[in-house]
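Undergrad: I have a structure here, written as structure tokens, and I will follow up with some questions on it.
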Amino acid sequence: MKLDGAAPRAGGPAGLRDFYEDPAVPVASGDARSRRQARLLAAALDRPGALVLDVGCGDGTAAAVAGPILAGHRIVGVDWSHDALRRAAPRMSHVVRGELDGGGLPFADGCADAVLFSEVVEHLVDPDRAMDELRRVLRPGGHLMLSTPNLAAWYNRALLLAGRQPVFSEVSLRGIHGRPGTEVVGHLRLFTARALRSFLRSSGFEDVRVSAAPFHGVPRGLRLIDRAACAVPSAASILLAHARRR
Numbered sequence: 112m113k114l115d116g117a118a119p120r121a122g123g124p125a126g127l128r129d130f131y132e133d134p135a136v137p138v139a140s141g142d143a144r145s146r147r148q149a150r151l152l153a154a155a156l157d158r159p160g161a162l163v164l165d166v167g168c169g170d171g172t173a174a175a176v177a178g179p180i181l182a183g184h185r186i187v188g189v190d191w192s193h194d195a196l197r198r199a200a201p202r203m204s205h206v207v208r209g210e211l212d213g214g215g216l217p218f219a220d221g222c223a224d225a226v227l228f229s230e231v232v233e234h235l236v237d238p239d240r241a242m243d244e245l246r247r248v249l250r251p252g253g254h255l256m257l258s259t260p261n262l263a264a265w266y267n268r269a270l271l272l273a274g275r276q277p278v279f280s281e282v283s284l285r286g287i288h289g290r291p292g293t294e295v296v297g298h299l300r301l302f303t304a305r306a307l308r309s310f311l312r313s314s315g316f317e318d319v320r321v322s323a324a325p326f327h328g329v330p331r332g333l334r335l336i337d338r339a340a341c342a343v344p345s346a347a348s349i350l351l352a353h354a355r356r357r
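Numbering (our numbering), first residue to last: 112 to 357.
Listed below in structure tokens is the structure:
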């Protein structure tokens, strides 16, 4: 994920853009999430040759995992970051530079059958405007497959009870403060399952269904618990939302 949702302004989003253009910032998430999301989309697409926009494709790792599951459909990677697109190009047949703010995505209204929006919304300054743009490029009835970390993940509930900062939340772009982990990834927005459903419905989407995926960063000894938590999306690590454009 490196698709920034804000135009540069002094002292704010310009710094965010510099942060996301840094090659050291992680741009890929776990394979389990990518596979689950791709299977959901493959089951939903009702005709071959669908146009799927992977908005915020990052380095293309997720698309490479999803590609065999979505065989027969055309996946186009979209990102703002030149560095991310350079790394994505060997993994994807089509990549396009675009952003959710400014001039918008370089696609016609209603052209896409589906949008993959994976681990992006939590990085955006203006998620409302981003949803407007995704809705614009989707055809009526088109599919939105969105994934994002869960603020109410099972371990975050325990951390908050202990007075600790939840995993996925960040108070600085310069370092980790008060939570487990070592990587700063630039999260600005965090959702619970209930908040995500409400947000998508208010953004012009319907038939919102939320499932779950495990988080690749969970310590090895806790991974069985994390996979089991996927049976209860409201407590799982990663939220997978499938919605349709009204």
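Don't be surprised by glycine CBs; every beta carbon is placed ideally from N, CA and C.
#1: Threshold first: 4 residues or longer. Then list the alpha helix (DSSP H) segments lying entirely within the stretch 203-276, N to C.
#2: Per DSSP, which one or two residues make a beta bridge with Gly188?
#3: Starting from Ile349, follow the alpha helix (DSSP H) in both directions and report where the run begins and ends.
#4: How far does the beta strand (DSSP E) with Ser316 in it reach, from first residue to last?
#5: Leaving aside the five residues before and after Arg320 along the sequence, list all residues of the same chain whose C-beta is less than 8 Å from its C-beta, in chain order.
#6: Touch check for the stretch 285-302 and the stretch 219-237: three-plus C-beta pairs under 8 Å?
#7: Asp142 lies in the alpha helix (DSSP H); which residues open and close that run?
#8: Check each candidate in Arg240, Ser192 and Leu156 and name the one with the smallest Cα separation from Leu311.
#9: Would you report the Cα separation of His193 and Phe228, rounded to the nearest angstrom?
#10: If we ignore side chains and look at the alpha-carbon of each, how far apart do Ala263 and Ser280 end up?
#11: Would you call the CB atoms of Ala199 and Gly178 closer than 8 Å?
#12: Give a yes or no on whether 8 Å exceeds the smallest Cβ distance from Gly167 to chain E.
#13: For the candidate residues Gly141, Ala269, Ser348 and Ala225, whose alpha-carbon lies nearest to that of His184?
#14: Considering only the beta carbon of each residue, do Val248 and Ala269 sit closer than 8 Å?
#15: To the nearest whole angstrom, what separates the beta carbons of Glu317 and Arg357, a pair I think is in contact under 8 Å?
#16: So the alpha helix (DSSP H) Ala174 belongs to, where does it begin and stop?
#17: Bridge partners for Phe302 per DSSP, in chain order?
TA: A quick look at the data gives this:
#1: Listed in chain order, they are 238-248 and 265-272.
#2: As a working mapping, residue 188 is identified with position 77 in the sequence shown. The partner list for Gly188 (beta bridge, DSSP) reads Asp165 and Val206.
#3: The residue you call residue 349 lines up with position 238 of the sequence shown. Per DSSP, Ile349 belongs to no alpha helix (DSSP H); it is in the beta strand (DSSP E), Ile349 to Arg356.
#4: Taking the sequence shown and counting its residues from 1, one reaches residue 316 at position 205. Note that residue 316 corresponds to Phe in the displayed sequence, not to Ser. Residue range Phe316 to Ala324 is occupied by the beta strand (DSSP E) that includes Phe316.
#5: As a working mapping, residue 320 is identified with position 209 in the sequence shown. Same-chain partners within the cutoff: Ala352, His353 and Ala354.
#6: Contact check between the stretch 285-302 and the stretch 219-237: three or more CB pairs, one atom from each, fall below 8 Å, which counts as touching.
#7: Counted from its first residue, the sequence shown places residue 142 at position 31. It spans Asp142 to Ala155 - the alpha helix (DSSP H) in which Asp142 sits, taken as one unbroken run.
#8: On the sequence shown, residue 311 is found 200 positions in, with the first residue counted as 1. Selected option, being the one with the closest Cα: Arg240.
#9: Taking the first residue of the sequence shown as position 1, residue 193 is located at position 82. Taking the first residue of the sequence shown as position 1, residue 228 is located at position 117. As the crow flies, the alpha-carbon of His193 is around 18 Å from that of Phe228.
#10: Against the sequence shown, residue 263 aligns to sequence position 152. Against the sequence shown, residue 280 aligns to sequence position 169. Taken atom to atom, the span from the alpha-carbon of Ala263 to that of Ser280 is near 11 Å.
#11: Sequence index remark: in the sequence shown, residue 199 carries index 88 (1-based). Sequence index remark: in the sequence shown, residue 178 carries index 67 (1-based). Result no, Cβ atoms of Ala199 and Gly178 do not sit closer than 8 Å.
#12: Checking the listed chains, one finds no chain E in this structure; it contains a single protein chain.
#13: The residue given as residue 184 occupies position 73 in the sequence shown. Nearest C-alpha to His184: Ala225.
#14: For the purposes of this step, residue 248 is taken as the residue at position 137 of the sequence shown. For the purposes of this step, residue 269 is taken as the residue at position 158 of the sequence shown. Not closer than 8 Å, so no.
#15: Walking along the sequence shown from the start, residue 317 turns up at place 206. Walking along the sequence shown from the start, residue 357 turns up at place 246. Rounded, the Cβ-Cβ distance is 5 Å, consistent with contact.
#16: Counted from its first residue, the sequence shown places residue 174 at position 63. Where Ala174 is concerned, the enclosing alpha helix (DSSP H) stretches over Thr172 to Ala177.
#17: Locating residue 302 in the sequence shown gives position 191, where the first residue counts as 1. Its beta-bridge partners are Asn261.
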